[in-house]
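Peer 1:
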Amino acid sequence: MKLCAVIPAFNNETTISEVVEKTSAEIDHVVVVDDGSTDDTARLAKDAGARVLRVPKNRGKGNALRLAFCYAVEKDLDALITLDADLQHDPSEIPKLVKHYVAKSPKIVIGNRLTDRAKIPRIRYTVNRIGTYTFSWL
Numbered sequence: 002m003k004l005c006a007v008i009p010a011f012n013n014e015t016t017i018s019e020v021v022e023k024t025s026a027e028i029d030h031v032v033v034v035d036d037g038s039t040d041d042t043a044r045l046a047k048d049a050g051a052r053v054l055r056v057p058k059n060r061g062k063g064n065a066l067r068l069a070f071c072y073a074v075e076k077d078l079d080a081l082i083t084l085d086a087d088l089q090h091d092p093s094e095i096p097k098l099v100k101h102y103v104a105k106s107p108k109i110v111i112g113n114r115l116t117d118r119a120k121i122p123r124i125r126y127t128v129n130r131i132g133t134y135t136f137s138w139l
């Protein structure tokens, strides 16, 4: 299976090396889409072993992901995993996603970083619940 991890990044020089290194421990093909960063994000990502796609001007995460999806089609990849560049997603969870993908062959697999309620500060949990309720009600 041809699998790739994609990390959209904008001015994430403080975390990008760690994210790439941890992701590379789980999957061979790591791509960072540098979305017009003005810091050393692109260089640090490359030094950590990622393939870097550069966007000259910040266009947002959606545009970075669209570029990554085009890259996946161009490279004839079977699956794509996206992670945030700020360590919100734990790369050590990648094998669980891949295992589910291989076993069930779904069109999409979505991980949930909020499953362990004990790790979520009470105020964040409360605000998330209120936001979820409000938007689903609308």
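Taking the working numbering, I'd label the letters of the sequence shown as residues 2 to 139.
Ideal Cβ placement from N, Cα and C applies to all residues, glycine included.
Whose C-alpha, out of F11, G50, D91, is nearest the C-alpha of R60?
Peer 2: Out of F11, G50, D91, F11 has the C-alpha closest to the C-alpha of R60.
Peer 1: Distance check for N13 and I131, CA to CA, integer angstroms please.
Peer 2: Distance between the alpha carbons of I131 and N13 is about 29 angstroms.
Peer 1: Near T83, which residues of its chain fall below 6 angstroms by C-beta distance, leaving aside the five closest residues on each side in sequence?
Peer 2: Correct list, in chain order: V7.
Peer 1: Taking the straight line between their C-alpha atoms, what separation do you get for V34 and A51?
Peer 2: Whole-angstrom Cα-Cα distance: 10 angstroms.
Peer 1: If we require 3 or more residues per run, which beta strand (DSSP E) segments fall completely within the stretch 24-84?
Peer 2: Listed in chain order, they are 31-36, 52-56, 80-83.
Peer 1: Could you tell me which of K3, S18, L4 sits nearest to D85, measuring between CA atoms?
Peer 2: Ranking the options by Cα distance to D85, first place goes to S18.
Peer 1: Excluding the five sequence neighbours on either side, which residues of its own chain have a C-beta within less than 8 angstroms of the C-beta of T16, listed in chain order?
Peer 2: Hits under 8 angstroms: A86, D87, L88.
Peer 1: Would you mind reading off the limits of the alpha helix (DSSP H) that contains I8?
Peer 2: Per DSSP, I8 belongs to no alpha helix (DSSP H); it is in the beta strand (DSSP E), 4-10.
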